Each structure stands twice: as C-alpha cells, then as structure tokens.
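Start counting the sequence shown at 649; every next residue gets the next number (my numbering). Backbone N, C-alpha and C fix where the C-beta goes; we use that ideal spot for every residue, glycine too. Fair warning: this is a prediction, and the values are worked out from it, not measured in the lab. See structure below.
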Amino acid sequence: MHKPPIFGEIRFSCPHCGALAHQYWALTRHREVAKNWTPKELHNPLAHMYVTGISAAEALKKVIGKKVTLHDDEDRGNTQLIRNLHSSRCDSCGNISIWLQEKLVYPAAAPTGMANLDMPAQVRTLYDEAGAVFRTSPRAAAALLRLALQHLLIALGEKGDNICEDINKLVDKGLDADIALTMDTIRIVGNESAHPGIINVNEEPEIAAVMFELLNEIVKDMISKPMQKEAIRKILPKKKRVEIERKLAKRDRGDSK
Ligand SMILES: [Zn+2]
C-alpha cells in the first residue's frame, strides 16, 4: 500500500526506499559557530554518510568499526529552535527527509509522488531528475520524462532510438491500445516541450505533472502486473499450473486465428 508522505504523520511510504514505515520526527536547532568558520566540503566520510542518510550512530560505527552510542547534548545554550524546519527518519532504511514549512523538500519528490518500485533503475533516475526540476521548469521535466520513456522501451526489449517505431513494434506484439496511446502522449508532449510548438508546458505545468502519472501507469501495466501474475502462478501446485498454461495457450491460439 502506498501512503504519500504527509507532514506530521508517523507512518507513510518513505520517499527514499518506498517502504510503508514508521517515521521518527525531529526538531532542528540553530547554533552559531566561530566567526571565521564556514561549512567545509564533505570530504569527511563520516559527514558524507551522515548527510546521505545513515544515522550518525551507524555512520560512526562504519568509520570506527565498533558500536558507539551517541549522547544527546545536554547543553542547549546558544541555540535557537528553527520552527519551520523538521526532519523525519525512516525506520526501515534510516534515511532522513527534510521538511521546510511543512513541505517535503528533500528528497525532491515528483509532483505525483515517487516512481513505481518496479521501474527499471535507469528510468527511475530520469523520473527522479524530472521530479527535481519540475517546480522550476515543467518543460525540462517533460523532456526528461520523454527520455525516461525511451529508456523504458529499451528495458522492454526495443531499440529505444525511435519511440514511434518501438511503440509500433510493441503493438505488433500485442501491446494494449490504451498503453500505446499513453506512450504516444508522453512522446508528443516531450517533443513539444523541446521545440516551439502548440503546447506550452511551462504555462500549463499540469500537463507535465500528468506525464509522471502516465509513466508510472505504463510501468505498472508492462512490468508490475506481469510480475505479480507470475508470482501467483508460481505458488500454484504444478498440476494446476500446467492446466492453466494449457488453457492460456489454447486461448492465445484462438485469438490469433
Ligand atoms: Zn526508507
């Protein structure tokens, strides 16, 4: 079950790992440091691990190699509470999400939530990249999602250099007409966003927002559903499975006549 991340909720689908998990909330305090101190680059592996989400205790354990316990700093002098900056830590993966003014600002989320968990890695990278730029440039997001579709077509066994041709080939192999149309919609909007055309994605960002949903739908139909069906078939006793496979083969032959 997917439960979108909501400010203040103690359980939602983590924007990092996707697991529906308990979230530990934290306040943020501001402490000024020495006058001539400025943030350094993250060359320290401990600092790097910390910001990439591993909890401080775990990061220390990795660096030092033994169990450590962190103590809360009792001295609260010289610190002020930042009222509108919070963080939530996922109980499942340990990664931290940052919330500003009750809005999730890290990790950058797509306008319609996270990618389908079965989305191939390369496609998901582009999906997330599109999500990160969506607010500043819906047009760039639309172009990235078109590119994501191209990579998805490669993952589905097509060449990926000509979306139109790839869709036609999939239709020949029995692709559902509705999915073909969805793919074509992403292709056209993505094209229009890259060239001066009829559709102005920056003026109508909701067009790009819908593209995220469409890409997820394609992954659900083309990857998730077949995987689920396969998993269910596998738990059937062998005799029953053979029976069903025979029935399906018969039906397929009937369809092709
Ligand atoms: Zn998580």
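N-terminal and C-terminal residue of the beta strand (DSSP E) that Ile847 is part of: Per DSSP, Ile847 belongs to no beta strand (DSSP E) and is neither H nor E.
Limits of the alpha helix (DSSP H) - the one that Thr773 falls within: 769-781 is the span of the alpha helix (DSSP H), which, as asked, contains Thr773.
Distance, Gly779 Cα to Tyr672 Cα: The straight-line gap from Cα to Cα measures roughly 25 Å.
Proximity below 9 Å, CB of Asp766 to CB of Lys683: Their beta carbons are not under 9 Å apart, which means Asp766 does not touch Lys683 by this criterion.
Delimiting residues of the beta strand (DSSP E) encompassing Val753: Looking at the DSSP string, the run of the beta strand (DSSP E) that includes Val753 is 751-754.
Whole beta strand (DSSP E) elements within the segment 657-683, 3-residue minimum: Taken in chain order, the unbroken stretches of beta strand (DSSP E) that lie wholly in the segment 657-683 and span 3 residues or more are 659-661, 668-679.
The beta strand (DSSP E) enclosing Asn732, as first and last residue numbers: For Asn732, the enclosing beta strand (DSSP E) stretches over residues 727-738.
Closer than 8 Å: Gly742 CB and nearest ligand 1 heavy atom: True, at least one ligand heavy atom lies under 8 Å from that Cβ.
Buried versus exposed call for Glu806 [16 or more other C-beta atoms within 10 Å across all chains shown]: Glu806 comes out buried.
Residue environment, Thr830, which counts as buried when at least 16 other CB atoms sit within 10 Å: Classified as buried, Thr830 has 16 or more neighbouring CB atoms from the shown chains inside 10 Å of its CB.
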